[in-house]
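Below: the structure, in structure tokens.
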Amino acid sequence: MGKAAKSSRKGKKAWRANIPTDDIDEYIEKSTKDALTGGSLTSLPSDSLFYVDKSTDISVKKKIEKHREKVLHCESTLQKNPFVVSVPSSILNKSKKKRKVPKIVVESKDDSKDEKDNVSGMVDLWEAKDEDNVKPTKKPKPSIIPAVEIEAPGCSFNPSFEAHQDALASAVAEEMQKIYKNELGPQPVPLTVSSEVVDEESLYILPDHDTEDDAMDEENPENSDTAADRFSKTKRVTRVELNRRIRRRERQKVESEAKKIEKLSKEIDSLPDIIEEIAKDDEEKQKKHLRRAVAKEERRKLGPPRLGRNKFEPAPSQVLLSEEITGSLRKLKGCCTLTRDRFKSLEKRGLIVPGTKRKRK
Amino acid sequence: MPKHYRPPGKKKEGNAAKYMTRTKAVKYLQVSLQDFRRLCVLKGVFPREPKKKFEGNHKTYYHVKDIMFLAHEPLLEKFREMRAHGHKVNKALAKKNKERAERLKAARPTYKLDRLVRERYPSFIDALRDLDDCLSMVHLFATLPAVEREKIEVSRIHNCRRLSHEWQAYISRTHSLRKVFIAVKGIYYQAEVQGQKITWLTPHALQQVLTDEVDFNVMLTFLEFYETLLAFVNFRLYHSINVKYPPILDPQLEALAEDLYALFRYFSASSRAQVLENQDLSPSQPENADLGSVGTEGDESDLRLAQLQLQLPTNTPGALMQLVEKAGVEDTDDDETRECKSLFKNLKFFLSREVQRESLLFIIPAFGGVVSWEGGGAPFKETDEGITHQIVDRPSQGHMFLSREYVQPQWVFDCVNARILLPTDIYAVGRVPPPHLSPFVDNEAEGYVPEYAEKIKRLQAAARKELMPMPGLDIEDIEDPQNILVAGVISRTEANEAAEEQRKISMLQNQYHDELNMEVQGVPYSASGVHRTMQIPVEDTESKKETLPDSELPVNEEIMMSNKKRKLYKAMKMGEDKKKNANKLLEKRKKMAEAKKSA
């Protein structure tokens, strides 16, 4: 392009050749290049250079959705007709409206709160006095045991002598109870049983005294049958005998009636005794009931009901031994398993199910 | 196969309809067991015991309504979200896409328990009522070591520490501490806040041992809820005494681990700021106005600077004194608070190095005293002339100031429980102090009064009557004639009081009996009039009382009672008998012990 002409040129042509056309050429070159590539990128705004690819974003309308768009006939009939004025219900509408309004308010409030602070505990939670949104649900307390049980005065770090003896005695009693339970309780089932090895042959042969018993059982019913046949043959009843029987029956009837009357009169005479007896029974029943109620209350105070596989086991009480009492706070050998104590308290109140010891991984 | 076949369409009845086993509940809610446990703890849903355990004794049962309550919880959705998020992180890690995993970890979904607190405690009083366990747990975790294995994080322990200090500072500031009892297990405190008695237990200053019986997952879930609860309670309480809640503490004191003292200073500073602002309203002072505007602006750093500036002058030793005096200005207190406030008034304490500081720093200001200690950031030195009591817990004290008394720490606790200043010489250095009695035991109800409690009672009576025992004499030499005289006077007054009371009671009782009798006889109440019963002379009632056995109600009254009441009465009597027997045993033991001692 920018090549010098090789053939000789005369006149105008030679003159023309002397004019430099580099800039024009450059321009043309550039413009053609631009035309081929589609324009220079520097001058274009960035919007036209990049675009958000939405081809994959467009959600494909699924068959189901298409189906949804269709309005079923039954639904269309249920839809509200704008020309028909609905009859206002007296009670239902009122209650619904009242309920709905505070709900919306609460939601908006919550949003604003969330924006304001992300750290919890920086708002007065009980400031708003609207009791509508929070229903005071009355839950049954899981247990009557207080959250923090105060130890007996004997468990003080410097207890008085009597109180200490008392606490110590109860602690000792607890321990002894455990020991006695172990000693007096049923023997655990042994894991292995020592005995002779049974031969394979004898394993399959059953002792045969069972068959004998069966034979005996079979014989017996036959015997009883023959006996019944024999006794079923009775003598004929004569007229005299029949009359005697009728008379006897009548006599018996009269006698039994007389007896009945006598018995009744006797019972009437002993009425105060009977009443007394009934009262006694009632009293006993009541006592039993009372005892049971008291025992139940006491049991509730002692621990939770059985909530799972394991039974709740109380932690041993923390008492100083007599020689450990120094009277000095500095030398106090305090309890260092308070986490266990709190955990046991949770178990005791029935908040969590008592579990077994965990195994360390 | 269940015991009784139920056709498939038929509804369940009875316990099987009302209760659900845990496995079924977990399946119903479609969460993992771990999440279910957490949700239960956070929502306050606990297992129950049905009357009939239809799937066996070894299973855990929940009420169906409780499970439905859980099913509607938004937190459930949050837990699912978190679980899904965990899966995403795991997937990214498995694909070695560390960058993505990091990014995901940073955007972990979180949840807040504010709504749950409000839901479980609709009013503030409800929250206060249920604060015992919360406080004990927070105080316990404040002293625990951070253990990686149990997932106990350092930040949570710090948070617990902060919350517990804030609570203590409030209690101390409002003088609402009532009872303290040092047991082997820990220290029991009882405070009265807004009419609610709150008891909590704090551990001794010892290294706590983590046993493997404890499931820390559960404990930490409980703690999570309790932390939120206590933060809200503290916020409310602080605002009730006009202190801004997230307290801004002096970093220097915080570094020295004197958070509690820093909090006291913060209180005094804020109260002073209030006074300044109040003054600001009437005369216009440019400096104060500036301060006020800064406060209202709410610019965090400026506010912080201003607060600290306010705290600066309080570095002088008299700062705590000022605090105490300021607190005295309030006049909304009830009698008990006033009594507590003035117990250690005008007393200055100094704690020696070996004394356990935590509890004493909390208790002494709570009862109006001023306290300092050996160490950095202390308000005054040991050589301070104004110190009246030095608390020492060692066998012997080398150098002694004559101007002050040296006592063992137990003296403070016993004084607090007795509400009088006990004589100090039995608590002197090197002596075995008298027994530390539990203030939580009602001696009258128990029927057994320990010796030292009787002594304290006498002293209390003496203090009330302004009949202080002679100086130089203590209760030990009660054989002294003068003391006996004093004691005699006291005992006589006491006896008089008791007699008066008894007479009143008997009068009322009599009146009641008469009315009952009249009712039995069918006399109308209005016709008989009250005058007749009023006119019964005292001698008459006393003679009647002698005829009646005082422990038992008359027979006709027992008949008049309803069945329920009668049973209750009987149960009461059973309990009383038990107590009496126990007391007898105690006294017997005491006699035995004394006999042994003398022998």
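Here the protein sequences come in this chain order: F and W. Residue 284 in UniProt numbering sits at position 284 of the first sequence; the count goes up by one each step and never skips. Residue 279 in UniProt numbering sits at position 279 of the second sequence; the count goes up by one each step and never skips. Quick reminder that beta carbons are idealized off the backbone N, C-alpha and C, glycines included. Fair warning: this is a prediction, and the values are worked out from it, not measured in the lab.
Checklist entry - Are the C-beta of M122/F and some C-beta of chain W separated by less than 8 Å? => result In the first sequence, residue 122/F corresponds to position 122, counting from 1. Taking Cβ atoms only, chain W reaches closer than 8 Å to M122/F, which makes this a yes.
Next on the checklist: Quick check: the stretch 7 to 24 of chain W against the stretch 334 to 351 of chain F, are at least 3 beta-carbon pairs closer than 8 Å?
Outcome noted: no
Item to check | 8 Å Cβ cutoff met for Q208/W and L144/W | outcome: Along the second sequence, one-based indexing puts residue 208/W at 208. Along the second sequence, one-based indexing puts residue 144/W at 144. Cβ distance < 8 Å, so Q208/W and L144/W count as in contact.
Next on the checklist: Given this structure, state the Cα-to-Cα distance separating T326/F from A593/W, to the nearest angstrom.
Outcome noted: For the purposes of this step, residue 326/F is taken as the residue at position 326 of the first sequence. For the purposes of this step, residue 593/W is taken as the residue at position 593 of the second sequence. Taking the straight line from one Cα to the other gives about 19 Å.
Checklist entry - Rounded to the nearest angstrom, how far is the Cβ of L329/F from that of Q356/W, given a contact under 8 Å? => result In the first sequence, the residue the question calls residue 329/F occupies position 329. In the second sequence, the residue the question calls residue 356/W occupies position 356. Going by Cβ atoms, the distance from L329/F to Q356/W rounds to 6 Å, so yes, they are a contact pair.
Next on the checklist: Using beta carbons (cut-off 8 Å, strictly below), is N57/W in contact with chain F?
Outcome noted: For the purposes of this step, residue 57/W is taken as residue 57 along the second sequence, with counting starting at 1. Chain F contact via Cβ: present.
Next on the checklist: Taking only three categories from DSSP, how would you classify T37/F?
Outcome noted: Mapped onto the first sequence, residue 37/F falls at position 37. In this structure, T37/F counts as helix in the three-state DSSP scheme.
Checklist entry - Okay, do the stretch 450 to 462 of chain W and the stretch 174 to 188 of chain F touch, 3+ Cβ pairs below 8 Å being the bar? => result no
Checklist entry - Beta-carbon of G186/W versus every beta-carbon of chain F: anything under 8 Å? => result For this step, residue 186/W is matched to residue 186 along the second sequence. Chain F contact via Cβ: present.
Checklist entry - Considering only residues of the same chain and omitting the five flanking positions on each side of D290/W, which have a CB-CB separation below 8 Å? => result Residue numbering aside, residue 290/W sits at position 290 when the second sequence is read from its first letter. With a pLDDT of 38 at D290/W, under the threshold of 50, the modelled position of that residue is not reliable, and the figure given next carries that caveat. Excluding sequence neighbours, D290/W sits near nothing in its chain.
Next on the checklist: Taking DSSP's pairing of strands, which residues face S156/F in a bridge?
Outcome noted: Start at 1 with the first residue of the first sequence, and residue 156/F comes out as number 156. Its beta-bridge partners are A183/W.
Next on the checklist: Residues of the stretch 117 to 132 of chain W in Cβ contact with chain F at a cutoff of 7 Å, in chain order, please.
Outcome noted: V117, R118, E119, P122, S123, F124, D132
Checklist entry - With DSSP run on the structure shown, which of helix, strand or coil describes A25/W? => result Within the second sequence, the letter at position 25 stands for residue 25/W. In this structure, A25/W counts as helix in the three-state DSSP scheme.
Item to check | Short CB-CB distance (under 8 Å) between R340/F and chain W | outcome: Position 340 of the first sequence, counted from the start, is the residue given in the question as residue 340/F. Yes, its Cβ sits closer than 8 Å to a Cβ of chain W.
Checklist entry - Between the stretch 193 to 221 of chain W and chain F, which residues of the former have CB atoms less than 7 Å from a CB of the latter, in chain order? => result T199, W200, L201, P203, H204, L206, Q207, Q208, V209, L210, T211, D212, E213, V214, D215, V218, M219
Item to check | Reference I456/W; option with closest CA among E192/W, R589/W, C415/W | outcome: To locate residue 456/W, count along the second sequence from 1; it is residue 456. Cα-wise, what sits closest to I456/W is C415/W.
Next on the checklist: Quick check on DSSP: helix, strand or coil for H72/W?
Outcome noted: In the second sequence, residue 72/W corresponds to position 72, counting from 1. Correct three-state label for H72/W: coil.
Checklist entry - So which residues on chain W does L307/F lean against when the C-beta distance must stay under 9 Å? => result By 1-based counting over the first sequence, the position of residue 307/F is 307. By Cβ distance, chain W contributes F46, P47, R48, E49, T60, Y61.
Next on the checklist: On the DSSP bridge list, what partners appear for L351/W?
Outcome noted: Numbered from its first residue, the second sequence carries residue 351/W at position 351. Partner(s): W373/W, I391/W.
Checklist entry - E196/F to Y204/F, Cα distance in whole Å? => result For the purposes of this step, residue 196/F is taken as the residue at position 196 of the first sequence. For the purposes of this step, residue 204/F is taken as the residue at position 204 of the first sequence. Cα to Cα, the separation comes out at about 16 Å.
Checklist entry - Is the stretch 237 to 244 of chain W touching the stretch 129 to 140 of chain W in the sense that three or more CB pairs, one from each, lie closer than 8 Å? => result no
Next on the checklist: Please tell me whether Y19/W has its Cβ less than 8 Å away from any Cβ of chain F.
Outcome noted: Here residue 19/W is taken as the residue at index 19 of the second sequence, counted from 1. Taking Cβ atoms only, chain F never reaches closer than 8 Å to Y19/W, which makes this a no.
Item to check | Sequence-distant residues of the same chain with beta carbon closer than 6 Å to F36/W, five excluded per side | outcome: Residue 36/W sits at position 36 when you count from the first residue of the second sequence. Same-chain partners within the cutoff: V26.
Checklist entry - With 8 Å set as the bound, which would you pick, yes or no: does the beta-carbon of I246/F sit closer than that to a beta-carbon of chain W? => result The residue given as residue 246/F occupies position 246 in the first sequence. Chain W contact via Cβ: absent.
Checklist entry - Quick one: what's T326/F bridged to in DSSP? => result Stepping through the first sequence from its first residue, residue 326/F is reached at position 326. None; T326/F has no bridge partner.
Checklist entry - When we look at the beta-carbon of A273/W and count the other beta-carbons within 10 Å, is it buried (16 or more) or exposed? => result Taking the first residue of the second sequence as 1, we reach residue 273/W at position 273. A273/W is buried by the Cβ-count criterion.
Checklist entry - At which residues does the alpha helix (DSSP H) containing H204/W begin and terminate? => result Position 204 of the second sequence, counted from the first residue, corresponds to residue 204/W. Run containing H204/W: none; DSSP gives neither H nor E here.
Next on the checklist: Do S172/W and A366/W count as a contact pair if the criterion is CB distance below 8 Å?
Outcome noted: Position 366 of the second sequence holds residue 366/W. Position 172 of the second sequence holds residue 172/W. Result yes, Cβ atoms of A366/W and S172/W sit closer than 8 Å.
Item to check | chain F contacts made by the stretch 412 to 445 of chain W, where a contact means CB separation under 7 Å | outcome: V432, P433, P435, H436, L437, S438, F440, V441
Checklist entry - For S108/F, does the three-state DSSP call read helix, strand or coil? => result The residue given as residue 108/F occupies position 108 in the first sequence. Because the pLDDT of S108/F is 38, which lies under 50, any placement of that residue in the model is unreliable, and the number read from its coordinates should be weighed accordingly. Three-state DSSP puts S108/F in a helix.
Checklist entry - So, L76/W versus L39/W, is the Cβ gap smaller than 8 Å? => result The residue labelled residue 76/W in the question sits at position 76 within the second sequence. The residue labelled residue 39/W in the question sits at position 39 within the second sequence. Yes, these two residues count as a Cβ contact at 8 Å.
Item to check | Contacts that E330/F makes with chain W (C-beta to C-beta distance below 7 Å) | outcome: Along the first sequence, read from residue 1 onward, the residue named residue 330/F stands at position 330. The identity of residue 330/F in the sequence shown is Arg, whereas the question assumes Glu. Simply E354, D393.
Checklist entry - Among residues of its own chain, excluding the 5 on either side of P409/W, which ones have a beta-carbon nearer than 6 Å to its beta-carbon? => result In the second sequence, counting from the first residue as 1, residue 409/W sits at position 409. Around P409/W: V355, I391, D393.
Checklist entry - Mind checking if S170/F is an interface residue toward chain W, Cβ cutoff 8 Å exclusive? => result Taking the first sequence and counting its residues from 1, the one referred to as residue 170/F is at position 170. Chain W contact via Cβ: absent.
Checklist entry - Can a CB atom of chain F be found closer than 8 Å to the CB of S598/W? => result Mapped onto the second sequence, residue 598/W falls at position 598. So, not an interface residue.
Item to check | Residue interval of the alpha helix (DSSP H) (run including Y238/W) | outcome: Within the second sequence, numbered from 1, the residue matching residue 238/W stands at position 238. Per DSSP, Y238/W belongs to the alpha helix (DSSP H) from 216 to 240.
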